[in-house]
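*Asks:*
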Amino acid sequence: MPIITLHYEDLEKLTGTDKETIIERVPMIGADIERIEDESIDIEFFPDRPDLYSVEGVARAMRGFLDLETGLPEYGAKPYEVSISVSEEILKIRPFLGCAIVRGVKFNSESIKSLMDLQEDLHWGLGRNRKKVSIGVHNLSNVKPPFRYTAVDPGFEFVPLDYTEKMSMTEILEKHPKGTRFAHLVKDFEKYPIIFDSEDNVLSFPPIINGTLTTVTEATTELFIDVTGLGEAVYTALNIVVTALAERGGQVEFVRVVRPDGEEMVLPDLSPETRTLTRSEVNSLIGMDLSVEEIVKQLERMRCGAKALDDETIEVKVPAYRADILHNFDLIEDIAVGFGYGNIKIKVPETYTVGKSHPISLMRSALNEIIVGLGYYEVMPFTLTSEKVHFENMRRPKTDDVTYVLHPISEDQTLVRTTLLPNLMEILSLNQHRELPQKIFEVGEVVVNEKTGQHVAAVSIHPQSNFTEIYEVVDALMRELMLEYEVKESEDPAFLEGRRADVYVKGKKIGVFGEFHPEVISNFELGYAVVGFEFDLADLIS
Amino acid sequence: MSAQDNLTINEKKVLLALQELGSAAPGELEEKSGLQVDAAMQAAFLLEEKGLASVSEIVLERYALTGEGETYVETGLPERQIVDSLEGPTPLDELKTRFSPKMVGIATGWLVRKGWAKIEEGVMLPSGKAPAGKDEAILSTFGGEAKTLEELSADAKTVKDLLKRKLVTKHEEKFRTVSINDAGTALAAEGIVLEEEIAQVTSDLLKSGAWKGKKFRPYRLDIRPKPLYGAKVHPYRRLIEQMRQIFLEMGFTEIKGDVIQSSFWNFDALFQPQDHPARDMQDTFHLGSKTPLPAEYADKVGAMHEYGGDIDSCGWKGKWDRELPEKNVLRTHTTAVTIKYLADNPEPPVKAFCIDRAYRRETIDPTHTPEFEQLEGVVMDKDMSFADLLGLLAEFYHRMGFEEIRFRPGYFPYTEPSVEPEVYVEGLGWVELGGAGVFRKEVTEPFGIKEPVLAWGLGVSRVAMLKLGLKDLRLLYQSDIDWLRKSEVCRI
Chain P
4 MPIITLHYED LEKLTGTDKE TIIERVPMIG ADIERIEDES IDIEFFPDRP DLYSVEGVAR
64 AMRGFLDLET GLPEYGAKPY EVSISVSEEI LKIRPFLGCA IVRGVKFNSE SIKSLMDLQE
124 DLHWGLGRNR KKVSIGVHNL SNVKPPFRYT AVDPGFEFVP LDYTEKMSMT EILEKHPKGT
184 RFAHLVKDFE KYPIIFDSED NVLSFPPIIN GTLTTVTEAT TELFIDVTGL GEAVYTALNI
244 VVTALAERGG QVEFVRVVRP DGEEMVLPDL SPETRTLTRS EVNSLIGMDL SVEEIVKQLE
304 RMRCGAKALD DETIEVKVPA YRADILHNFD LIEDIAVGFG YGNIKIKVPE TYTVGKSHPI
364 SLMRSALNEI IVGLGYYEVM PFTLTSEKVH FENMRRPKTD DVTYVLHPIS EDQTLVRTTL
424 LPNLMEILSL NQHRELPQKI FEVGEVVVNE KTGQHVAAVS IHPQSNFTEI YEVVDALMRE
484 LMLEYEVKES EDPAFLEGRR ADVYVKGKKI GVFGEFHPEV ISNFELGYAV VGFEFDLADL
544 IS
Chain R
1046 MSAQDNLTIN EKKVLLALQE LGSAAPGELE EKSGLQVDAA MQAAFLLEEK GLASVSEIVL
1106 ERYALTGEGE TYVETGLPER QIVDSLEGPT PLDELKTRFS PKMVGIATGW LVRKGWAKIE
1166 EGVMLPSGKA PAGKDEAILS TFGGEAKTLE ELSADAKTVK DLLKRKLVTK HEEKFRTVSI
1226 NDAGTALAAE GIVLEEEIAQ VTSDLLKSGA WKGKKFRPYR LDIRPKPLYG AKVHPYRRLI
1286 EQMRQIFLEM GFTEIKGDVI QSSFWNFDAL FQPQDHPARD MQDTFHLGSK TPLPAEYADK
1346 VGAMHEYGGD IDSCGWKGKW DRELPEKNVL RTHTTAVTIK YLADNPEPPV KAFCIDRAYR
1406 RETIDPTHTP EFEQLEGVVM DKDMSFADLL GLLAEFYHRM GFEEIRFRPG YFPYTEPSVE
1466 PEVYVEGLGW VELGGAGVFR KEVTEPFGIK EPVLAWGLGV SRVAMLKLGL KDLRLLYQSD
1526 IDWLRKSEVC RI
């Protein structure tokens, strides 16, 4: 999640109150304070609130929350003077385009940095790393409208941002740091997206890089913003950037976007979405009895426009920069946040039900009692393991009932175990330097043929451990579980011939026990005799 | 009770012996007390601890000739043999034919050092002076016995040289002396009563009744026994059991499910957008296999994602891919199990919980493990509200032993409103612990769940870190047996 750095001076100026108040209250609108520094504070905001990814956005929200300025923010926009046309070709590549102009902006180094950070956080949060949304901000004074959004051959050359020489778009994808990072977004297309001015100067090669011609500096006052992408999120991103600049005193100006079919849009569309909320749905979800007036008040503190239509219905105007209002529930959360979670009178549900353990848990607790009584410590190892531990070290052939993960993090964890004994041996291996005897067991999950199962297993290591010892343990376990069992000579290569047995219950094999083969013991770097057992609990849990 | 009641019979015997002897060597003590020497000395040390006697120790250093030393007593030191044979300047080569080269080698250094000769261009020039040295005097004093420095009238430096030349060796011998002190003398003067003590209650003693009237040897209370460790369940299990117990007491039904889940149940059913980063290969363990979409829910869930289905939601606006949800993953949260259970049991009331393992593609480090236990509780019933959820959370966390709890807004893709509970931990302040919320309509509607679902969850290992004071989560899974042995049952 994005972490936003807010400079106190800027934050205090834009909010209109002191930093102490802001720091104290900001977590209560939904944020985690990461770090408090002398000059600034780092705050993590939730991914559903990209409108809070800038100091301007945070100040706007805090002014409402602190009752300094409530209700829907109004951003008047001047009629359009600039147009941009969208070509037929680009529709198959990157069809959505949102544009706006903001004039009279006064930048300093901090506010430029804040704008760049906002862009990057939006690329992450709304844009899925520029795939769905990418934003370009340009110095309007250096180019001549009208503009064209189209596609050109990859051989086309221009001077990209941060370079002084012309490069072809192919070269940009191969050499420019932004090009190599985002090449995958365009390289499968025959032509690449581009925005030209009326004299064929390049503003941008979306979603990769801007042209150097429109670089924004502290001296820049007139901005052209383009947002391209694959869906309607481009309009939300445009609104977030434009309103943040307007919060800083910029004058928004519409841009006309002309689609190839002649259809025209005038952007940015800052008109709020209207939703209707009822008092009863608010109160039943929050669990309170708020009046319509109270609901209106809280919505306004959260910077929505709100009006009581009668004593049950509220008309809500949702700001155009909010990306998270999918359903009325989202507005009701805003009301709860505005009211303050700490002010909600908590209830205790009276739903009457009877508690019930799962049969697996009942079995586990019986097994724990039995096996701890026999002197074994419980362990809880990882279920992800490797072929080396699971098969090779155990002298067991690979089986095809194992589940492998597609992209393991390390070679130690490539598969989900089908048996527990290898993990127990591994724990013994980690405890070589500890006093003997060591006796450990686990009741745990395995995954066989992609189905989750439950096993129990135990191992014992000390200089005198032998087949008789583990046979006694198995016998005791079966007796306590009230199971009649039979044993037959086993062929499990993990154990020594003549010192291994398969266990059968009602004619069905449920597991194995015995003395481990010296090779297995050495494979786990152990220095004494080890014995163990493992049973499948599938038929034993009822 | 008299002071002598604290004495064992052996201690009494030694005290009596000392009363006569005053001070004694171990051998004398053995003879006088009638005890084996080891038993007598053990009793002497115990008397010392009780302030009735003292044991002093002196270490005597003795020196003896080595085999080589003995040879030289006979033949004279190599340098003496050579200097005696010299009649004038003699080439070393010639000497090496007369004596062995090894001996010439040993002698040369000492000849020069003692000033008996010089070497110039391979020729040995005798100085004409070769007085008998202290070393020679000492060597001749041994007479076949080990002797102290005093007995040898030797200075430390010369002996050191002889030790270096390996002509003599040093032996250390300890001599102990046990002496009675005033307190011991006073106690002994009271008159010591020797009576037989019973060390072990035996079957014979009980049968015969011979124990009657006898004294049982008392054990010491001031020495702790060697630690004894009993087998036990894992401390982490104990914490999990405590949480299960809380749920059961609050009337919840325990549910379990498969480790492998389709993306449909793990993500789509929970209204997680299909391009959400959590679904990437970087964060989730994907498997190669697929599970067909559940026909009864697929269309409804798809419609919800695309345009909000039949409810007043706009959905995620975009095409809902039908292949992506079929891909199997290792469940990234137990919520996959919960939503399946709710889909199977859509009629109220439902109170269910699950504590099981979840998998995330995290690199192992002290605070992250790719598998970890997650706890989750849900309540579905008529008229349930966010205020009820806060009440449940307060009750649950209080029962877990967290006295103070507060609520902050949170965000989870499948709940609205969402809340992050924080608990107050002494020394750490407010600690975020888990998340909760009311299931979104977009989640419940496709499964025919009509009543509100309150849900909360938390990472159990986080609680384990707080409760067990762990710095490294790996210890839970790759357990050090000594840690298991020493973990106290009542810590949790």
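From first to last, the protein sequence lines are chains P and R.
So the first sequence is numbered by our numbering: it starts at 4 and just counts up by one.
So the second sequence is numbered by our numbering: it starts at 1046 and just counts up by one.
The C-beta atom is built at its ideal place from N, Cα and C for all residues, glycine as well.
#1: For residue 362 of chain P versus residue 96 of chain P, is the C-beta distance shorter than 8 Å?
#2: Could you check which residue in R:1307, R:1391 and R:1242 has the C-alpha nearest to that of residue 1264 of chain R?
#3: Tell me the residue span of the beta strand (DSSP E) that contains residue 86 of chain P.
#4: Under 8 Å Cβ-Cβ, which residues of chain R neighbour residue 131 of chain P?
#5: Which residues in chain P sit within 9 Å of residue 1326 of chain R, going by Cβ to Cβ distance?
#6: Could you give the DSSP three-state label for residue 1107 of chain R: helix, strand or coil?
#7: In whole angstroms, what is the alpha-carbon distance linking residue 1513 of chain R and residue 1520 of chain R?
#8: I'd like to know whether the C-beta atoms of residue 1485 of chain R and residue 344 of chain P end up nearer to each other than 8 Å.
#9: Taking 8 Å as the CB-CB limit, is residue 1313 of chain R close to chain P?
#10: Let me check one thing: in DSSP terms, what residues is residue 1499 of chain R bridge-paired to?
#11: Which complete beta strand (DSSP E) runs does the segment 1437-1494 of chain R hold, if anything under 3 residues is left out?
#12: Grab the span of the alpha helix (DSSP H) containing residue 1184 of chain R for me, first residue to last.
#13: From this set, P:457, P:525 and P:444, which residue's C-alpha is nearest residue 536 of chain P's C-alpha?
#14: Identify each residue in the segment 360-372 of chain P for which the Cβ-Cβ distance to at least one residue of chain R is less than 7 Å, and report them in chain order.
#15: Quick one, which of R:1483, R:1432, R:1509 and R:1527 has its alpha-carbon nearest residue 430 of chain P's?
#16: Under 8 Å Cβ-Cβ, which residues of chain R neighbour residue 330 of chain P?
#17: Anything in chain P within Cβ reach of residue 1334 of chain R, meaning under 9 Å, just list it in chain order.
#18: Where do the ends of the alpha helix (DSSP H) carrying residue 289 of chain P lie?
#19: In chain order, which continuous runs of the beta strand (DSSP E) of length 3 or greater are located wholly inside the segment 1080-1148 of chain R?
#20: Is there contact between the segment 380-389 of chain P and the segment 412-419 of chain P, where contact requires at least three CB pairs shorter than 8 Å?
#21: Assign residue 122 of chain P to one of two classes, buried (16 or more other C-beta atoms within 10 Å of its C-beta) or exposed (fewer than that).
#22: Quick one: is residue 172 of chain P near chain R, going by C-beta distance under 8 Å?
#23: Please state whether DSSP places residue 133 of chain P in a helix, a strand or coil.
#24: Quick check on residue 275 of chain P - is its C-beta less than 8 Å from some C-beta in chain R?
#25: Hey, is residue 1510 of chain R's beta-carbon within less than 8 Å of any beta-carbon in chain P?
#26: Which value, in whole angstroms, describes the spacing of the CA atoms of residue 118 of chain P and residue 325 of chain P?
#27: What whole-angstrom Cβ distance do residue 1169 of chain R and residue 1177 of chain R have, given they're in contact under 8 Å?
#28: With DSSP run on the structure shown, which of helix, strand or coil describes residue 430 of chain P?
#29: Beta strand (DSSP E) containing residue 459 of chain P: first to last residue?
#30: From this set, R:1071, R:1425, R:1458 and R:1465, which residue's C-alpha is nearest residue 1439 of chain R's C-alpha?
#31: To the nearest angstrom, how far is it from the Cα of residue 243 of chain P to the Cα of residue 323 of chain P?
#32: Whose C-alpha, out of R:1492, R:1500, R:1536 and R:1356, is nearest the C-alpha of residue 1422 of chain R?
#33: Measure from the C-beta of residue 1429 of chain R to each C-beta in chain P and report whether the shortest distance is under 8 Å.
#34: Once DSSP output is grouped into helix, strand and coil, what is the label at residue 361 of chain P?
#35: When the Cα atoms are used, what is the spatial distance from residue 1185 of chain R to residue 1212 of chain R?
#36: Using a C-beta cutoff of 8 Å, does residue 1277 of chain R count as contacting chain P?
*Replies:* In short, the structure shows the following:
#1: For residue 362 of chain P and residue 96 of chain P, no; Cβs fall outside 8 Å.
#2: Closest option to residue 1264 of chain R, Cα to Cα, is R:1242.
#3: For residue 86 of chain P, the uninterrupted beta strand (DSSP E) run begins and ends at 80-89, by DSSP.
#4: The contacting residues are 1320 and 1322.
#5: The CB of residue 1326 of chain R comes closer than 9 Å to the CB of 409 and 410 in chain P, given here in chain order.
#6: The answer is strand: DSSP assigns residue 1107 of chain R an E or B state.
#7: Near 11 Å, if we compare the C-alpha coordinates of residue 1520 of chain R and residue 1513 of chain R.
#8: Against a cut-off of 8 Å, the Cβ pair of residue 344 of chain P and residue 1485 of chain R comes out as no contact.
#9: No, residue 1313 of chain R does not count as interfacial toward chain P.
#10: Looking at the DSSP assignment, residue 1499 of chain R forms a beta bridge with R:1424 and R:1483.
#11: Every unbroken stretch of the beta strand (DSSP E) spanning 3 or more residues and falling wholly within the segment 1437-1494 of chain R is given here in chain order: 1450-1454, 1460-1470, 1474-1477 and 1480-1484.
#12: Taken as a continuous stretch (DSSP letters only), the alpha helix (DSSP H) holding residue 1184 of chain R covers 1179-1186.
#13: That would be P:444, whose Cα lies nearest to the Cα of residue 536 of chain P.
#14: Result list: 360, 361, 363, 364 and 371.
#15: Looking from the CA of residue 430 of chain P, the closest CA among R:1483, R:1432, R:1509 and R:1527 belongs to R:1527.
#16: Result: 1353, 1356, 1357, 1358, 1359, 1461, 1485, 1486 and 1487.
#17: Near residue 1334 of chain R (Cβ distances below 9 Å), the residues of chain P are 406 and 453.
#18: That run of the alpha helix (DSSP H) goes 282-289.
#19: The segment 1080-1148 of chain R contains these whole beta strand (DSSP E) runs: 1098-1110.
#20: With a cut-off of 8 Å, the segment 412-419 of chain P and the segment 380-389 of chain P count as touching, because enough Cβ pairs lie within range.
#21: So residue 122 of chain P ends up on the buried side.
#22: Not an interface residue.
#23: Coil, per DSSP.
#24: Not closer than 8 Å to any Cβ of chain R, the Cβ of residue 275 of chain P fails to qualify, so no.
#25: False, the Cβ-Cβ gap to chain P never drops below 8 Å.
#26: About 18 Å.
#27: So it is not a contact: roughly 20 Å between Cβ atoms.
#28: In this structure, DSSP gives residue 430 of chain P a helical state, which the three-state scheme calls helix.
#29: Start and end: 454-464.
#30: Ranking the options by Cα distance to residue 1439 of chain R, first place goes to R:1465.
#31: Roughly 8 Å separates the two Cα atoms.
#32: For residue 1422 of chain R, the nearest C-alpha among the options comes from R:1500.
#33: Yes, residue 1429 of chain R counts as interfacial toward chain P.
#34: In the displayed model, residue 361 of chain P falls within coil according to three-state DSSP, outside both helix and strand.
#35: Their backbone Cα atoms lie some 12 Å apart in a straight line.
#36: By this cut-off, residue 1277 of chain R is an interface position.
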